[in-house]
Each structure stands twice: as C-alpha cells, then as structure tokens.
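Chemist: Protein chains in written order, with our numbering: chain A, 128 to 547; chain B, 75 to 299.
Encoded as structure tokens, here's the structure I'll be asking about.
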Amino acid sequence: MFDLDRWQEIYHVLSKNKLRTFLTAFGVFWGIFMLVIMMGSGDGLKNGISQNFGDMATNSVFIWAQQTSVPYKGFTRGRRFDYENSDVRALDEAIPEIKYLAPRTNVGGFNGASNVIRGLKSGSFQIFGDYPVFDSIDPVNLLQGRFINELDLKEKRKIVVIGLRVKELLFEKDENPVNQYIQINGVYFKVVGLFKSKRTGEAASFDNQRIHMPFTTCQKTYNMGDAIGFFNITSKDGIQVAIVEEKAIKVLKKRHAISPTDDAAIGHFNLEVEYKKMVGLFLGIRILVWIVGIGTLLAGVIGVSNIMLVVVKERTKEIGIQRALGATPRIVISQIITESVVLTTFSGYFGLTLGVGLLELINYLLDKSGANTEMFLHPGINFNVAITSLAILVVAGAFAGMVPARKAVSVKPIDALRYE
Amino acid sequence: MVDISNIHKTYITGNNKLHVLKGIDLKVDAGEMISVMGASGSGKSTLLNILGILDNHDHGEYILNGVRIENLNERKAAMLRNKFLGFVFQSFNLVSFKNAMENVALPLYYQNVKRKKRNAIAMEFLDRMGLKDWAHHLPNELSGGQKQRVAIARALIAKPKVILADEPTGALDSVTSQEVMDILTDINKNENITMLIVTHEHDIAKRTQKTIRITDGMITEIIKN
Ligand SMILES: Nc1ncnc2c1ncn2[C@@H]1O[C@H](COP(=O)(O)OP(=O)(O)OP(=O)(O)O)[C@@H](O)[C@H]1O
Ligand SMILES: [Mg+2]
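The following block contains the structure:
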C-alpha cells in the first residue's frame with residue numbers, strides 16, 4: 128500500500144542535506160557502476176577470445192610430422208617421414224579413449240598463387256582432404272547442400288564443399304554453387320555443399336576460404352600415395368585429451384622408427400590445454416572483478432550506513448516525538464530501513480543503468496567503426512547478473528539501515544525527547 | 075484513572091546517584107484536573123514522564139486506567155501512549171516537516187487510520203482550536219500560541235483518557251497562557267478528560283481543581299482550589 132506520509136518523511140530526510148545525500152549515493156552508484164563496467168569488459172574479452180574457437184571440440188589435439196632429431200635404429204637425425212593410412216587403424220586399435228580420429232591432408236595454396244579457377248574467376252584457397260568425421264570435430268554452418276560422406280570417401284568422388292568466401296569470389300551473387308564445377312590445380316570438382324564458419328572475426332574469414340574434398344580423393348588426385356598430412360583427434364567425454372595425445376605419439380614413434388627420446392620429430396598441439404589456460408584466466412579475471420566490485424560496493428553501502436547513523440542522531444528528538452505519540456519500534460525501524468533501501472537502490476539503479484548504457488554505447492561504436500574486434504566483442508552483462516545485483520543492493524541497503532534503526536529505538540523515548 | 079503508590083526514581087550518571095522521586099502516592103480520578111507545582115529540580119517532570127510511560131520507575135506501583143504499568147516492552151508502551159495518553163510540552167514538539175493538519179493527525183496515523191479520514195478529523199480539531207485557516211502551514215510559520223493549540227489538538231485527536239502537560243504555558247505570554255488554559259479547562263469540562271498540568275505559575279494552578287506541591291521528590295501539600 129502506498130503510504131504518502133512515509134514517502135514524505137523519506138523525502139524530508141534525504142532532501143534535508145542534499146550534498147550529503149548526493150555524496151553518499153555516489154558511493155553506491157560508483158560501486159555498482161564499476162562492477163558493471165568491469166564485468167562487461169571481462170565478458171567482452173572472453174567473447175573476443177572465445178570467438179576463435181567457434182564450436183570446435185576443445186578436447187582435441189593436432190599431430191603432424193616434423194624431422195627427427197635423434198639417430199635411431201640406423202637412421203641418422205634430420206630424417207623426414209610421413210604418416211600413412213595404416214596409422215589410422217593402428218591408432219584406433221591401440222587407443223580406446225579416442226572419440227573422433229580425423230586424418231587430414233592439405234593442398235597448399237593459401238595466400239599463394241591462384242589455385243582455383245571457375246570460368247574467368249579465380250582465387251587462392253586452402254584445400255583439405257577430409258574424413259566426414261571432421262565435421263563433428265570442428266562443425267560449420269552448412270548453408271546449402273551437404274558435407275562429405277562415407278560414400279564419397281569410398282568411391283573417391285571428385286566433389287568439394289566450399290566456404291562462403293570461396294563462393295563469393297567464384298560465383299555470381301545470386302548463383303547457386305551446388306552442382307556447379309570448379310577447377311582445382313587443373314582438376315574439375317563438383318560442388319556439393321556451401322558452409323559458413325561458426326567463428327567470428329578474423330578466424331571466420333580464414334575458415335570461409337577453405338575447400339574440403341574427400342580425404343581419399345585428395346590423396347589420389349594429387350599423387351600423395353597414402354601419406355597423411357596431420358591427425359586431428361578428440362578424446363571421449365570426460366577423458367583428458369592429453370592422455371590420447373601421449374599414447375598416439377608413442378604409437379606413431381614406434382611405427383615410424385623414431386627414438387622414444389626424440390621430442391622434435393612429432394609436432395603436436397593440444398587445444399584443451401590452451402583452452403583450459405584461457406578458462407582459468409577468465410575465471411581469475413572474474414574473481415578479481417567480483418572482489419574489487421563488491422569491495423567498492425561495500426564501501427558505498429558502509430557510507431550509507433554511516434550517513435543513516437548521522438541522520439538518526441540528528442533526528443533523535445523527532446523520533447522521540449513520534450514515539451511519544453505512539454510510533455512502535457517496528458514503525459520506526461521500518462521507516463529508517465526504507466530510507467536506507469531507497470537511497471541504496473536508487474543510486475545503485477542509476478549506476479546499473481549508466482553502466483549498461485555505457486557498455487551498449489561501446490558495443491554500438493565497436494560495431495559501427497568495424498574495428499578489428501579480435502580481442503574484444505560484445506561487452507555486456509547478462510540480465511540475471513543485473514537483477515541479482517539489484518537484489519543485492521536492496522538487501523545491502525536493508526543491512527545498512529539496520530544498525531542505525533536499532534540505535535534509534537534503543538534509547539528511552541524520554542531521552543530521545545530531551546535530546547538537544 | 076491514575077493510581078500510583080510509593081513511586082521511586084533514581085538517576086544514575088557515572089558514579090553519581092540522584093534520588094529524585096522518594097515515594098510518591100497519588101490518586102487522580104477520571105475527569106479531574108490537577109496542577110503540579112514545586113521548585114525547579116524537585117522532580118515534577120520526572121513524575122510526569124513516568125506517568126506518560128516515557129520513562130520507567132524503579133519502585134512502586136502505577137496503574138493507568140486499570141492497566142498495571144510495569145516491565146512493558148516498547149511496543150506495548152507505544153500502544154498505551156497512543157490509546158490512553160495525550161502530551162502537551164513546553165516546547166510544543168511539533169514535527170517540523172509536517173503541516174499543522176498532518177501534525178494533528180499523527181496519532182491516528184499510528185492507528186492505521188486512512189489518510190483521508192484522519193486528515194478530516196484533524197481539520198475538525200483544528201477548527202475547534204480556531205486554526206482551520208492555518209491547517210496547511212508548517213510549524214515554523216506559526217506563533218507560539220498557535221503551535222501550542224496545534225499540539226493540544228494533536229493530544230486530543232486519539233481521544234485519550236489522560237492529558238499530561240509539562241509547563242504548557244511556559245513559553246507563552248500571559249494573555250496567550252490564559253487562552254491556552256481556557257481551551258484546556260473547556261476540554262476537561264466537556265470531554266471529561268483527566269488532566270495533569272505542571273506549572274510554575276499560580277494563576278495557572280488556580281484554574282485547576284487541585285494543586286499538588288512537590289518538594290524534593292515528595293508530595294508535601296495538596297491544595298483544593
Ligand atoms: N535524565 C536525567 N539524568 C540525570 N538526571 C536527571 C535526568 N532528568 C532529570 N534529572 C535530574 O533530576 C532532577 C529532577 O528533574 P526534573 O526535570 O524532574 O525537575 P523539575 O521539577 O521538572 O524542574 P523544572 O521545574 O526546572 O522543570 C533534577 O535535579 C535533574 O537534574
Ligand atoms: Mg520540568
């Protein structure tokens with residue numbers, strides 16, 4: 128129920144010393160404002176970095192061949208070698224922890240001379256030979272057609288799935304690329320699918336310039352024998368990919384006569400480890416933000432409590448009069464707590480609104496300027512966090528008013544009335 | 075209406091003990107109007123505050139309108155004050171940010187009477203005090219006599235059994251003092267409200283039915299006027 132007298136009193140109390148009220152409110156305002164800005168920026172940083180991952184399975188490892196660095200079994204150091212098709216089966220059999228195993232080959236050309244031609248148009252793109260399972264490791268948004276399937280692989284079909292950028296450069300704007308042919312390093316392939324990266328920013332434009340063909344087609348067409356460029360392996364859910372990584376390297380060393388002590392022969396990159404480092408970093412940032420933010424907010428709330436103490440002291444006589452006329456402790460206490468909550472919530476609300484507004488503005492400016500948002504994307508705080516912090520404010524305001532309110536009713540009415 | 079016997083009160087400040095009331099016995103019947111006189115520091119205000127449940131006594135018995143006043147919690151005390159007692163102070167004690175009408179209506183606010191209704195009642199009481207035109211003025215826009223009349227209206231609005239007035243004319247000139255006393259005696263006669271008035275002035279005391287003299291914490295004389 129709206130109680131005009133109560134609000135009249137709140138207005139009286141808060142407007143009596145406007146500068147003091149403003150400064151107190153500013154403490155809370157600043158606390159929540161900082162919390163919002165810091166949290167938003169933290170999220171922006173996280174979004175920025177995370178966009179490089181897309182939907183890629185983070186529990187994956189890449190393994191490729193380099194040069195041996197240790198003489199072993201009669202071979203000298205500096206030997207080059209290739210993985211072979213038989214390694215796929217060997218790995219699969221030796222390591223039960225593997226979920227997806229995707230051997231891949233690539234036909235260089237990215238940033239090099241034009242390697243893909245269609246009519247008068249041409250471009251240079253990155254070309255991969257892939258297993259269908261690759262789509263489960265690093266998924267893309269299929270816009271048209273289909274991805275590579277088992278039959279393609281078996282029959283070594285001359286088909287390709289192309290990225291959006293490839294289509295843009297080789298086809299007319301409203302042309303459907305599916306069932307059209309493109310020429311890659313002199314060989315014609317039929318386009319069966321068109322995809323778009325799930326990443327954003329620079330990572331996405333990199334993805335969109337890829338062309339995928341069946342792994343077997345790639346080996347055969349470009350005379351690679353049964354050489355494999357690299358493996359992309361993921362571990363089963365709940366199993367660290369590092370275990371798979373270690374076992375796979377062991378198996379591969381044995382199969383290719385590489386010394387167990389040779390750390391340079393096999394190149395490998397564990398995405399999970401990198402990802403965890405990053406997640407840890409963001410967790411750290413988040414904890415720091417909360418500590419600093421809550422600290423600042425707490426300082427503001429303590430300021431409110433302090434001012435309420437002063438207000439209660441100033442109003443001792445007034446409160447004494449009210450009590451003489453029949454105001455119960457409950458009425459007095461709830462009045463003071465309401466004042467405190469109103470002060471805290473209003474200033475906090477402004478801080479929240481302004482903070483969110485500023486984040487939105489940054490967002491807008493970033494979008495509009497088209498700046499390279501490699502590291503920073505969509506700063507913002509989620510709705511729940513905003514609501515939670517408002518709830519925290521109300522509770523904090525109530526706590527801030529508690530001590531002063533208790534103090535107001537702890538004196539005898541006569542002592543309050545006599546107070547000068 | 076008011077029945078106290080052997081009331082003692084000692085103030086303790088630091089190491090000093092000040093025995094202010096040393097066994098007060100007093101019976102006030104319903105509808106009586108009594109004045110309390112005595113030298114400064116004799117304990118008049120102390121007695122009135124105890125009667126007003128604004129302060130507590132150390133020893134003795136206090137029965138107000140049949141209710142024994144002892145070890146009350148603040149909530150109960152506040153409700154008893156609201157229901158049974160009206161206060162008139164020397165320094166008026168109006169709430170500065172509320173206008174005359176809102177000040178008068180305050181006791182009804184604590185009874186949860188709706189704002190519209192309590193303001194209407196307050197207007198009636200202000201009208202009786204001849205202050206209808208001043209209803210929307212803040213206390214600092216009123217003269218001393220006007221303020222005290224607002225305070226009296228406020229003391230009356232909840233229809234109390236007893237009005238306790240501690241030097242109600244202490245801050246007023248003699249003409250205004252007599253006007254205030256006119257109002258108080260009127261109320262006493264017409265509404266049959268019991269009244270205790272502390273005063274230093276014989277003119278004022280004479281207008282009550284009985285005068286009680288307190289000397290050094292004890293009742294030493296009761297004069298019928
Ligand atoms: N809260 C208190 N703490 C300590 N001493 C007090 C307190 N209130 C009153 N006294 C002392 O008790 C004595 C009686 O005070 P009281 O106010 O009852 O006197 P009074 O008769 O009303 O005097 P006056 O005519 O000046 O108003 C005084 O000596 C006063 O100093
Ligand atoms: Mg006195």
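Backbone N, C-alpha and C define an ideal beta-carbon position, used for all residues, glycine too.
#1: In chain order, what residues of the same chain have a beta carbon less than 8 Å from the beta carbon of L141/A, not counting five sequence neighbours either side?
#2: Roughly how many whole angstroms lie between the Cα atoms of K190/B and A196/B?
#3: Would you report the Cα separation of P266/A and R292/A, rounded to the nearest angstrom?
#4: So which of L425/A, I446/A and E372/A has the shortest CA-CA distance to L228/A?
#5: What would DSSP say about S251/A, mapped onto helix, strand or coil?
#6: In terms of residue numbering, what span does the alpha helix (DSSP H) encompassing P181/B cover?
#7: Compare the C-beta of E445/A with all C-beta atoms of chain B and state if any pair is closer than 8 Å.
#8: Distance, Cα to Cα, I231/B vs D132/A?
#9: To which residues of the same chain is E445/A closer than 8 Å at the C-beta, ignoring the five residues directly before and after it?
#10: Report the residue from G290/A, N350/A, R442/A and T344/A whose alpha carbon sits nearest the alpha carbon of A330/A.
#11: Any chance the CB of K118/B is under 7 Å from a heavy atom of ligand 2?
#12: Using the three-state DSSP reduction, which class does F171/B fall into: helix, strand or coil?
#13: From L212/B to E176/B, what does the alpha carbon distance come to, in whole angstroms?
#14: Please classify V406/A as buried or exposed, where buried requires at least 16 neighbouring CB atoms within 10 angstroms.
#15: Quick one: which residues of the stretch 122 to 141 of chain B get their C-beta closer than 7 Å to a C-beta of chain A? List them in chain order.
#16: Closer than 8 Å, CB to CB, is Y184/B near chain A or not?
#17: Rounding to the nearest angstrom, what Cα-Cα distance links F237/A and N276/A in this structure?
#18: I want to verify the contact list: residues of chain B whose CB lies under 7 Å from the CB of L448/A, in sequence order.
#19: Please confirm if the stretch 393 to 405 of chain A is in contact with the stretch 217 to 228 of chain A, defined as three or more CB-CB distances below 8 Å between the two stretches.
#20: In angstroms, rounded to a whole number, what distance separates the CA positions of G528/A and I434/A?
#21: Apart from the five residues on each side of it in sequence, which residues of its chain come closer than 8 Å, Cβ to Cβ, to Y315/A?
#22: With DSSP as the reference, label Y546/A as helix, strand or coil.
#23: Which ranges would you report for the alpha helix (DSSP H) in the stretch 401 to 471 of chain A if only whole runs of at least 4 residues count?
#24: Kindly identify the DSSP beta-bridge partner or partners of K317/A.
#25: Compute the Euclidean distance between the alpha carbons of G140/B and M75/B, then round it to the nearest angstrom.
#26: At the level of alpha carbons, what is the spacing between F161/B and V110/B?
#27: Are the stretch 100 to 114 of chain B and the stretch 268 to 277 of chain B touching by the rule of at least three beta carbon pairs closer than 8 Å?
#28: If we require 3 or more residues per run, which beta strand (DSSP E) segments fall completely within the stretch 198 to 267 of chain B?
#29: Please go through the same chain and pick out, in chain order, the residues whose beta-carbon is closer than 7 Å to the beta-carbon of H548/A, but skip the five residues on each side of it.
#30: For P198/A, name the three-state secondary structure that DSSP assigns.
#31: Would R192/B and A209/B qualify as a contact pair, given that the criterion is a beta-carbon distance under 8 Å?
#32: What three-state label does DSSP hand N238/A in the structure shown?
#33: Determine the closest residue to T282/B out of N262/B, F163/B and L168/B, with distance taken between C-alpha atoms.
#34: Any heavy atom of ligand 2 closer than 7 Å to the beta-carbon of D240/B?
#35: Determine the closest residue to F171/B out of W134/A, G420/A, T515/A and S461/A, with distance taken between C-alpha atoms.
Modeler: Once the coordinates are examined:
#1: Around L141/A: T148, E466, V469 and L470.
#2: Taken atom to atom, the span from the alpha-carbon of K190/B to that of A196/B is near 10 Å.
#3: Answer to the nearest angstrom: the Cα atoms are 17 Å apart.
#4: With distances taken between Cα atoms, L228/A lies closest to E372/A.
#5: In this structure, DSSP gives S251/A a state outside helix and strand, which the three-state scheme calls coil.
#6: Residues A174 to Y183.
#7: For E445/A, the nearest CB of chain B lies under 8 Å from its own CB, placing it at the interface with that chain.
#8: Near 18 Å, if we compare the C-alpha coordinates of D132/A and I231/B.
#9: There are no such residues.
#10: Closest option to A330/A, Cα to Cα, is G290/A.
#11: Yes - ligand 2 has a heavy atom lying nearer than 7 Å to the Cβ of K118/B.
#12: If DSSP states are grouped into helix, strand and coil, F171/B belongs with coil.
#13: Distance from the CA of L212/B to the CA of E176/B, rounded to the nearest whole angstrom, comes to 9 Å.
#14: So V406/A counts as exposed.
#15: Residues of the stretch 122 to 141 of chain B with a C-beta less than 7 Å from any C-beta of chain A: N123, L128 and D129, listed in chain order.
#16: The beta carbon of Y184/B sits closer than 8 Å to some beta carbon of chain A.
#17: Confidence at F237/A is low in this model, with a pLDDT of 43, below 50, so the placement of that residue is unreliable and no value is reported for it.
#18: Checking the sequence, you will find Ile at residue 448/A rather than Leu. Here the neighbours are N167 and V169.
#19: The stretch 393 to 405 of chain A, when compared against the stretch 217 to 228 of chain A, does not touch it at the 8 Å Cβ threshold.
#20: Looking at the two C-alpha atoms, the distance is approximately 10 Å.
#21: K285, Y308 and I309, listed in sequence order.
#22: Of the three classes helix, strand and coil, the one that applies to Y546/A here is coil, per DSSP.
#23: As far as the stretch 401 to 471 of chain A is concerned, its whole alpha helix (DSSP H) runs of at least 4 residues are 443 to 451.
#24: BP columns for K317/A point to I286/A and Y308/A.
#25: The alpha-carbon atoms of G140/B and M75/B are separated by roughly 7 Å.
#26: If I take the Cα positions, the gap works out to 15 Å.
#27: By the C-beta criterion, the stretch 100 to 114 of chain B is judged to be in contact with the stretch 268 to 277 of chain B, since at least 3 inter-stretch pairs fall below 8 Å.
#28: Taken in chain order, the complete beta strand (DSSP E) segments of 3 or more residues contained in the stretch 198 to 267 of chain B are 236 to 240.
#29: A query on residue 548/A cannot be resolved here, the shown segment of chain A reaching from 128 to 547 and no further.
#30: In this structure, P198/A counts as coil in the three-state DSSP scheme.
#31: Taking 8 Å as the Cβ cut-off, R192/B and A209/B do not qualify as a contacting pair.
#32: Residue placement at N238/A is flagged as unreliable, the pLDDT there being 48, under the threshold of 50; the coordinate-derived value follows with that caveat. In the structure shown, N238/A sits in coil (DSSP, three-state: anything other than H, G, I, E or B).
#33: It is N262/B whose Cα lies nearest to the Cα of T282/B.
#34: Yes.
#35: The residue with the shortest Cα to Cα distance from F171/B is W134/A.
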